[in-house]
Structure formats: C-alpha cells, structure tokens
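First up is the structure itself, then whatever we jot down about it.
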Amino acid sequence: MRSKTSQRLSDFSQTSMSSEFARCRPTCFRCFRPRITCMCRSLTPFQSDPELVILIHPRETKRAIGTARLAHLSIQNSVLIRGDAPMLDRDSRLRSWAEDTDRRSVVLFPGPGSLDLDDSGTDLSTLVSAPRGIRVFVIDGTWSEARKMVQRSEVLSRMPQIMFRPDRPSNYRIRKQPKPVCVSTIEAIHALLERCAERGLGRLPEGHAHDGLLDVFERMVDLQIVCRDGAAFTKAASE
Ligand SMILES: [Zn+2]
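Per the working numbering, the sequence shown starts with residue 23, numbered consecutively.
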C-alpha cells in the first residue's frame with residue numbers, strides 16, 4: 023500500500039501544483055479538505071473494537087492539517103463529536119455512555135491516575151470484565167485543549183483514564199509536537215487499538231486494516247509538504 027501511495031504522490035507532484043493551489047479551491051465535503059488533496063479514496067474502512075468516540079475541540083476543526091476526521095471516516099463504527107467541555111456535558115449521548123455499565127467508558131488521557139496499557143502490572147480487570155467491552159473517548163486538540171476538556175467536563179473527569187507510551191516519534195512532519203511523546207490523533211488511535219488488543223480490551227480488524235490509518239496519514243503529510251513547498255516556490259518566483 024505504501025509503494026502505491028508513493029507512486030500516486032509522485033504522479034501528483036508532477037502536476038502544476040503551485041498554480042492549482044493558487045486558485046480558489048473547491049472542497050470535498052466528506053473529508054473537508056481541498057478537492058485536489060481529498061483523502062477519501064485513500065481511506066481503508068474498518069470496524070474497531072473497542073468502540074471509539076472522537077471528541078474534536080472546536081478550534082481543531084479549523085485546522086486544515088487535523089487528523090481526527092480521517093480517523094473517523096476510516097473507522098465505520100466511530101462517533102465524532104465537536105465541542106468544548108460545557109457543550110459536551112450538555113450532550114445526552116455522553117451522559118448515557120458514561121452511565122452504561124455494559125460497555126465501560128474510558129478516556130484516553132495520560133495523567134498520574136491513568137491506567138498505563140504499556141505497564142504489564144496495571145490491573146485492567148474492571149475494564150476487561152465489562153460485558154460488551156470498552157468505549158474509548160479520544161480527544162482531538164492541542165495538549166492544553168485536551169487537558170482543559172478533561173478537567174472542565176463533569177462527564178469526562180469522572181471516567182477512568184487510560185494511557186500508553188508511544189514507542190516511536192510522531193511522523194507529523196508538518197506540525198510541531200510539544201513533546202517527543204506526543205503523536206497525532208490518528209497515530210494515537212492506531213497505537214491505542216494495538217495496545218487494547220494486546221491487553222484483552224479489543225480485537226484488531228481482519229487483515230490489520232487499522233494500518234490504513236498510518237497509510238492515509240502518511241499520504242496526507244506528504245501532500246501537505248508538496249503543497250507547502252509549491253506555495254513557497256510560487257511566492258519566491260513572484261518576488
Ligand atoms: Zn474527501
């Protein structure tokens with residue numbers, strides 16, 4: 023899959039990128055990206071176990087290089103909710119999920135009290151024993167936005183927190199990460215699914231379809247770099 027992606031990118035980069043990007047760009051209303059960099063055909067759809075609810079901070083929806091929507095479009099049974107802490111607390115779905123004892127809700131957020139999925143000594147028995155497994159809330163936003171969402175939301179702050187330790191640096195070459203351990207939302211979801219499967223909290227999709235998350239992410243980053251360099255070239259040429 024990666025070699026095909028590289029080939030397509032190579033073809034793509036040979037087009038007149040700078041002139042294309044200088045024009046008014048029609049938008050894909052599925053992935054919310056300019057049509058010329060639409061990612062919809064690069065998605066690998068699959069069902070995830072555990073269930074995922076992706077909470078997207080309002081400011082993150084305005085960032086063209088966000089990854090939460092790509093993850094949501096790939097994971098067919100995921101739910102994407104936009105809102106800050108007060109908005110989330112008013113959402114009846116969140117309240118109902120938080121009280122669901124058949125499927126335990128947890129939030130992916132590293133903190134002193136978080137259950138570390140990478141620590142074999144962590145007792146996960148209350149989560150493993152949930153009749154229908156777990157539902158993980160993943161927050162898409164900056165580190166500071168995510169922390170405020172967890173702290174200020176009455177619903178989220180009461181949920182058990184889980185975390186993992188990224189075993190490789192982020193491939194987010196177009197967005198500076200505040201710490202080496204920070205990864206993009208789509209990379210975090212990929213790692214989360216692997217950890218959950220290892221710890222008996224879920225199952226990986228057939229054919230490792232979740233690896234498509236990293237493939238579409240890599241393609242998005244590559245295209246963004248081509249666009250950025252094309253725009254810089256156009257600017258330099260016009261000066
Ligand atoms: Zn699209």
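Virtual Cβ for every residue (Gly too), placed ideally from N, Cα, C.
Is residue i a contact residue of ligand 1, with contact defined as CB to any heavy atom under 6 Å?
{"i": "C249", "result": "no"}
{"i": "C218", "result": "no"}
{"i": "R180", "result": "no"}
{"i": "R52", "result": "yes"}
{"i": "C204", "result": "no"}
Residue i to residue j, Cα distance in whole Å?
{"i": "A152", "j": "R180", "result": "17 Å"}
{"i": "R91", "j": "P188", "result": "21 Å"}
{"i": "G135", "j": "S100", "result": "26 Å"}
{"i": "L130", "j": "K170", "result": "14 Å"}
{"i": "D113", "j": "Q173", "result": "17 Å"}
{"i": "E267", "j": "A168", "result": "Limits of the chain in this structure are 23 at one end and 261 at the other, which puts residue 267 out of reach."}
{"i": "K26", "j": "R63", "result": "Because K26 sits at a pLDDT of 44, beneath the cut-off of 50, its placement in the model cannot be relied upon, and the point is left open."}
{"i": "L110", "j": "V177", "result": "8 Å"}
{"i": "V150", "j": "G229", "result": "24 Å"}
{"i": "L65", "j": "L77", "result": "20 Å"}
{"i": "S175", "j": "A107", "result": "5 Å"}
{"i": "T59", "j": "L245", "result": "7 Å"}
{"i": "R52", "j": "E216", "result": "27 Å"}
{"i": "P80", "j": "H94", "result": "16 Å"}
{"i": "R157", "j": "L74", "result": "6 Å"}
{"i": "G234", "j": "E240", "result": "10 Å"}
{"i": "V139", "j": "Q98", "result": "Correcting the residue type first, residue 139 is Leu in the shown sequence and not Val. Cα to Cα, the separation comes out at about 24 Å."}
{"i": "Q69", "j": "L226", "result": "9 Å"}
{"i": "M61", "j": "I247", "result": "15 Å"}
Counting C-beta neighbours from all protein chains within 10 Å, is the total for residue i 16 or more, i.e. buried, or is it exposed?
{"i": "D124", "result": "exposed"}
{"i": "P67", "result": "exposed"}
{"i": "R126", "result": "buried"}
{"i": "W119", "result": "buried"}
{"i": "R190", "result": "exposed"}
{"i": "S206", "result": "buried"}
{"i": "G224", "result": "buried"}
{"i": "P48", "result": "exposed"}
{"i": "I162", "result": "The question names Ile, but residue 162 in the sequence shown is Asp. Buried is the call here."}
{"i": "T148", "result": "exposed"}
{"i": "R154", "result": "exposed"}
{"i": "G88", "result": "buried"}
{"i": "S166", "result": "exposed"}
{"i": "S142", "result": "exposed"}
{"i": "R250", "result": "exposed"}
{"i": "R57", "result": "exposed"}
Assuming residue i and residue j make a contact with CB atoms under 8 Å, what is their CB distance in whole Å?
{"i": "L137", "j": "P72", "result": "Wrong, their Cβ atoms sit about 13 Å apart, outside the cutoff."}
{"i": "L146", "j": "R221", "result": "6 Å"}
Problem - Every unbroken alpha helix (DSSP H) inside the region 73–148 [4 residues or more] - result: 90–96, 107–111, 114–121
Exercise for the section: Can you check the region 151–199 for any alpha helix (DSSP H) of at least 4 residues that lies completely inside it and give the ranges in chain order? Expected result: 165–174, 176–179
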